[in-house]
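>
There are 2 protein chains.
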Amino acid sequence: MKVINKTQILAAFDADSITQLLKTGFIAYSARQVQMPPVQHFRFEAAAGDCCIKSAWLEREEYFVVKVSSGFYHNPQQGLPSNQGLMMAFSAQTGKPQVLLLDEGWLTALRTALAGRIAAELCAPQNVQAIGIVGTGMQAWLQLQHLKTVTDCRQVWLWGRSPHHLADYCQRAEAEGFQVNTTQNAAELAAHCNLIVTTTPSREPLLQAEDIRPGTHITAVGSDAEGKQELATALVAKADTILVDALSQCSQYGEIARAYQQNLLASVAVVEFGEILARGERVRKNEQQITLADLTGLAIQDAQIVKGILAKL
Amino acid sequence: MKVINKTQILAAFDADSITQLLKTGFIAYSARQVQMPPVQHFRFEAAAGDCCIKSAWLEREEYFVVKVSSGFYHNPQQGLPSNQGLMMAFSAQTGKPQVLLLDEGWLTALRTALAGRIAAELCAPQNVQAIGIVGTGMQAWLQLQHLKTVTDCRQVWLWGRSPHHLADYCQRAEAEGFQVNTTQNAAELAAHCNLIVTTTPSREPLLQAEDIRPGTHITAVGSDAEGKQELATALVAKADTILVDALSQCSQYGEIARAYQQNLLASVAVVEFGEILARGERVRKNEQQITLADLTGLAIQDAQIVKGILAKL
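In the order they appear, the protein sequences are chains D and U. Under our numbering, the first residue of the first sequence carries the number 1, and numbering increases by one thereafter. Under our numbering, the first residue of the second sequence carries the number 1001, and numbering increases by one thereafter.
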């Protein structure tokens, strides 16, 4: 079994080709050409940790991929990153383990950021006035990076709880050519931005329905397990169109889960990435619509990013 | 991440201590002290392959364990073993990948054989006249090996379809002190044996209700996925007591699944390994009962065998 470390993985990462592979993966998923068994979840209460195991095979591909990824939120106190993980590729012809990718959670972070890029391609308004980033962590950083190819806008509003993290992010973003305003009031962010990405593990809504202006697109990345929620249920219900990676996952534990389960989405168009990509359409139909993308993360994204990395090795 | 190969794993394997760990694991599972998400399954039709991903954490243990194991039934034509796989131990404190065990499917084979040993300890009649082994593969071999500690009986009846495989197994077993009769008629085997282990991937019953004599114990190992069945449904329904590793799995895709789903087990006592082990009882109450053990394989067995291997490294 070949073992590849993080340095090798990051050197082989090509955002454009992997974005294309992710689109192919989403299309295949919605066309039911992907075997993707239900996600396995663990919770480690005492260590403030969780773990999920995701696996997928795009039928007729050479490899199937299994991923173990975790978040242990006391890790930073010991100088370790919260996110840990690895991915593995196995032969779909013989079952033999072929490649172990010791990515330390990076591949999950990157394929999630690229799904955010695809969501923005499909949903963002034509004239982005300012980008709102809710959260200051790694995913908040990667999302902003990968929006560069979608919009020329370099105005950013950044929301976070920690002044230290705000200042740190701000400095890095300005070094990359962004102009950043920081705030600890998410409503203030929403008042200035019409392309918003939320990236926190919050269990209480950070944005309310009344905060959001017409014509805004929001990509909600944080909610990937029951109980997590970044947007008020009324805000979710207010969207004109909701883009989901997988309805089966988002309706259970995504950002839209509560609104979906309370039957508040009857008059909202809900569409999967794979459906809209297969039709070659954009989600946004005019500059007044509120659109929302809900990312819970699909194992087919893991399979496709691994394919993209192995192709460049 | 430490990587351990098959040779190192087999050198660290100690059947007695691991049998004890498996018992602890079964007890913890039935006492609901194990996090064990539903098994992930793949099917690779063109390659005649299947794969399952099992994972478990016995709460408060240092590691959680994830296993990927597969069977690709055209592999032997290419000189590869059908069974492939690996296990991984992750820290339950930080999520960090700790140990990769490249066991090539051996740990699954061994923990299954040891579960057969435990089943025989709990169910076998006092006076074993002859051991019946249905199947001639690796699992058929390991089951016989690990029955040595349960019974002094060295008389064996062996069923298989291939004269070549029968002869080969026979030769190896005789070298280990067994007296072996071979047959291609499973009813003939059942007429001579009161401790039977079935180890085939059959999708059609090999043993019928009328084949089995009173006082017989059967351990059914082969059926671990929907559609597999080694024992006639009427035979399953005829058992006085059925021992299952996990009722949730066996009732879905174990040997007893069809009888269970057809409501034929209403008057049969069905008990989990962990329940009976916790009570310190044997399953068999007299020498006339027909007992049946249904093994679908639990992720907690994987976690416990990994614990046993790591303890001896």
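No residue lacks a Cβ here, since even glycine has one placed at the ideal position from N, Cα and C.
Closer than 6 Å by C-beta to residue 1292(U): which residues in its own chain qualify, once you throw out the five before and the five after it? Chain order, please.
Position 292 of the second sequence, counted from the first residue, corresponds to residue 1292(U). Closer than 6 Å at Cβ, skipping near neighbours: 1218, 1239, 1242.
> Assuming residue 1237(U) is part of the alpha helix (DSSP H), what are its boundary residues?
As a working note, residue 1237(U) is residue 237 in the second sequence. It spans 1233-1238 - the alpha helix (DSSP H) in which residue 1237(U) sits, taken as one unbroken run.
> Would you say residue 1084(U) lies against chain D (beta-carbon separation less than 7 Å)?
Start at 1 with the first residue of the second sequence, and residue 1084(U) comes out as number 84. Yes, contact with chain D.
> Taking only the alpha-carbon atoms, compute the straight-line gap between residue 1002(U) and residue 1100(U) and give it to the nearest angstrom.
Translated into positions along the second sequence, residue 1002(U) becomes position 2. Translated into positions along the second sequence, residue 1100(U) becomes position 100. Cα to Cα, the separation comes out at about 6 Å.
> Mapping DSSP to helix, strand and coil, what is residue 1283(U)?
Here the question's residue 1283(U) lines up with position 283 in the second sequence. Here residue 1283(U) sits in coil by DSSP.
> Using a Cβ-Cβ cut-off of less than 7 Å, give me the residues of the stretch 179-203 of chain D that come near chain U, in sequence order.
Hits within the stretch: zero.
> Round the Cβ separation of residue 228(D) and residue 205(D) to the nearest angstrom and send it over; I've been treating them as touching at under 8 Å.
The residue you call residue 228(D) lines up with position 228 of the first sequence. The residue you call residue 205(D) lines up with position 205 of the first sequence. Not really, about 11 Å apart at Cβ, beyond 8 Å.
> Quick one, which of 1299(U), 1272(U), 1097(U) has its alpha-carbon nearest residue 1122(U)'s?
Here residue 1122(U) corresponds to residue number 122 of the second sequence, with the count starting at 1. Checked all of 1299(U), 1272(U), 1097(U); the closest Cα to residue 1122(U) is 1272(U).
> Leaving out five residues before and five after residue 14(D) in sequence, what residues of the same chain have Cβ atoms less than 8 Å from its Cβ?
Indexing the first sequence from 1 puts residue 14(D) at position 14. Excluding positions up to five away in sequence, the list reads 308, 312.
> Which residue or residues does DSSP assign as beta-bridge partners of residue 68(D)?
Position 68 of the first sequence holds residue 68(D). DSSP output for residue 68(D) lists 53(D), 86(D) as bridge partner(s).
> Report the three-state DSSP secondary structure of residue 73(D) (helix, strand or coil).
In the first sequence, counting from the first residue as 1, residue 73(D) sits at position 73. In this structure, residue 73(D) counts as coil in the three-state DSSP scheme.
> Using a Cβ-Cβ cut-off of 7 Å (strictly less than) and excluding sequence neighbours within five positions of residue 1301(U), which residues of its own chain qualify?
The residue labelled residue 1301(U) in the question sits at position 301 within the second sequence. Within the same chain, residue 1301(U) has close Cβ partners 1022, 1025, 1111, 1115.
> May I have the straight-line CA-CA distance separating residue 1140(U) from residue 49(D), to the nearest angstrom?
Here residue 1140(U) is taken as the residue at index 140 of the second sequence, counted from 1. Here residue 49(D) is taken as the residue at index 49 of the first sequence, counted from 1. Rounded to the nearest angstrom, the two C-alpha atoms are 41 Å apart.
> Using beta carbons (cut-off 7 Å, strictly below), is residue 41(D) in contact with chain U?
Residue numbering aside, residue 41(D) sits at position 41 when the first sequence is read from its first letter. So yes, residue 41(D) belongs to the interface.
> Let me know if residue 1117(U) comes out buried or exposed under the rule of 16 or more other beta-carbons within 10 Å of its beta-carbon.
Here residue 1117(U) is taken as the residue at index 117 of the second sequence, counted from 1. Residue 1117(U) should be labelled buried.
> For residue 80(D), decide whether its Cβ has a neighbour in chain U, counting only Cβ atoms nearer than 7 Å.
Here residue 80(D) corresponds to residue number 80 of the first sequence, with the count starting at 1. Chain U, which has a Cβ nearer than 7 Å to the Cβ of residue 80(D), makes this yes.
> How would you write the range of the alpha helix (DSSP H) that residue 1026(U) sits in, first residue to last?
On the second sequence, residue 1026(U) is found 26 positions in, with the first residue counted as 1. Counting along the chain, the alpha helix (DSSP H) containing residue 1026(U) begins and ends at 1015-1030.
> Thinking C-alpha only, which one of 1266(U), 1285(U), 1212(U), 1019(U) is nearest residue 1194(U)?
Taking the first residue of the second sequence as position 1, residue 1194(U) is located at position 194. Ranking 1266(U), 1285(U), 1212(U), 1019(U) by Cα distance to residue 1194(U) puts 1212(U) first.
> Of the residues that make up the stretch 91-103 of chain D, which ones have a beta carbon closer than 9 Å to any beta carbon in chain U?
Residues passing the 9 Å Cβ filter: 91, 92, 93, 94, 95, 96, 97, 100, 102.
> Evaluate contact between the stretch 1086-1095 of chain U and the stretch 1055-1068 of chain U, counting only Cβ atoms and requiring at least three cross-stretch pairs below 8 Å.
Taking 8 Å as the limit for Cβ pairs, the verdict is that the stretch 1055-1068 of chain U does touch the stretch 1086-1095 of chain U.
> Hey, could you find the ends of the alpha helix (DSSP H) residue 258(D) is sitting in?
Translated into positions along the first sequence, residue 258(D) becomes position 258. Per DSSP, residue 258(D) belongs to the alpha helix (DSSP H) from 257-261.
> Assuming residue 1156(U) is part of the beta strand (DSSP E), what are its boundary residues?
Locating residue 1156(U) in the second sequence gives position 156, where the first residue counts as 1. Counting along the chain, the beta strand (DSSP E) containing residue 1156(U) begins and ends at 1155-1159.
> Given a limit of 8 Å on CB to CB distance, which residues of the stretch 17-37 of chain D reach chain U?
The residues in question are 35, 37.
> So what does residue 1043(U) bridge to, in DSSP terms?
Locating residue 1043(U) in the second sequence gives position 43, where the first residue counts as 1. Paired residues: 1050(U).
> Residue 1068(U) versus chain D: which residues are under 9 Å apart at the beta carbon?
For the purposes of this step, residue 1068(U) is taken as residue 68 along the second sequence, with counting starting at 1. Within chain D, the residues near residue 1068(U) are 55, 66, 88, 90, 95, 97.
> If contact means a Cβ-Cβ distance below 8 Å, which residues of the stretch 1147-1175 of chain U contact chain D?
Answer in chain order: no residues at all.
> Could you name the residues of the stretch 239-255 of chain D whose beta carbon sits closer than 9 Å to any beta carbon of chain U, in the order they occur along the chain?
Answer set for the stretch 239-255 of chain D: empty.
> If residue 220(D) sits next to residue 277(D), beta carbons under 8 Å apart, how far is it from one beta carbon to the other, in whole angstroms?
Sequence index remark: in the first sequence, residue 220(D) carries index 220 (1-based). Sequence index remark: in the first sequence, residue 277(D) carries index 277 (1-based). Actually they are not in contact, since the Cβ atoms of residue 220(D) and residue 277(D) sit about 19 Å apart, beyond 8 Å.
> Taking only beta carbons into account, state which residues of the stretch 129-141 of chain D come closer than 9 Å to chain U, listed in chain order.
Those residues of the stretch 129-141 of chain D that come within reach of chain U (Cβ to Cβ, closer than 9 Å) do not exist; the list is empty.
> Can you find the residues in the same chain that come closer than 6 Å, C-beta to C-beta, to residue 188(D), ignoring five residues on each side of it along the sequence?
Within the first sequence, numbered from 1, the residue matching residue 188(D) stands at position 188. Nothing listed; no residue qualifies.
> Under 7 Å, do residue 255(D) and residue 223(D) count as touching if we go by C-beta distance?
Against the first sequence, residue 255(D) aligns to sequence position 255. Against the first sequence, residue 223(D) aligns to sequence position 223. Yes, they are a contact pair.
> Would residue 1286(U) pass as an interface residue toward chain D - the criterion being a Cβ-Cβ separation below 7 Å?
One-based indexing of the second sequence puts residue 1286(U) at position 286. No, its Cβ sits nowhere closer than 7 Å to a Cβ of chain D.
> Taking only three categories from DSSP, how would you classify residue 272(D)?
Mapped onto the first sequence, residue 272(D) falls at position 272. Here residue 272(D) sits in strand by DSSP.
> Counting only beta-carbon atoms, is residue 273(D) nearer than 7 Å to chain U?
The residue you call residue 273(D) lines up with position 273 of the first sequence. Judged by the 7 Å Cβ criterion, residue 273(D) is not in contact with chain U.
> Taking the continuous beta strand (DSSP E) assigned at residue 220(D), which residues delimit it?
Translated into the one-based positions of the first sequence, residue 220(D) becomes position 220. Unbroken beta strand (DSSP E) run through residue 220(D): 217-220.
> Just checking my contact of residue 1128(U) with residue 1151(U) at CB under 8 Å: how many whole Å lie between their CB atoms?
Translated into positions along the second sequence, residue 1128(U) becomes position 128. Translated into positions along the second sequence, residue 1151(U) becomes position 151. Their Cβ separation, rounded to whole angstroms, is 4 Å, which keeps residue 1128(U) and residue 1151(U) in contact under 8 Å.
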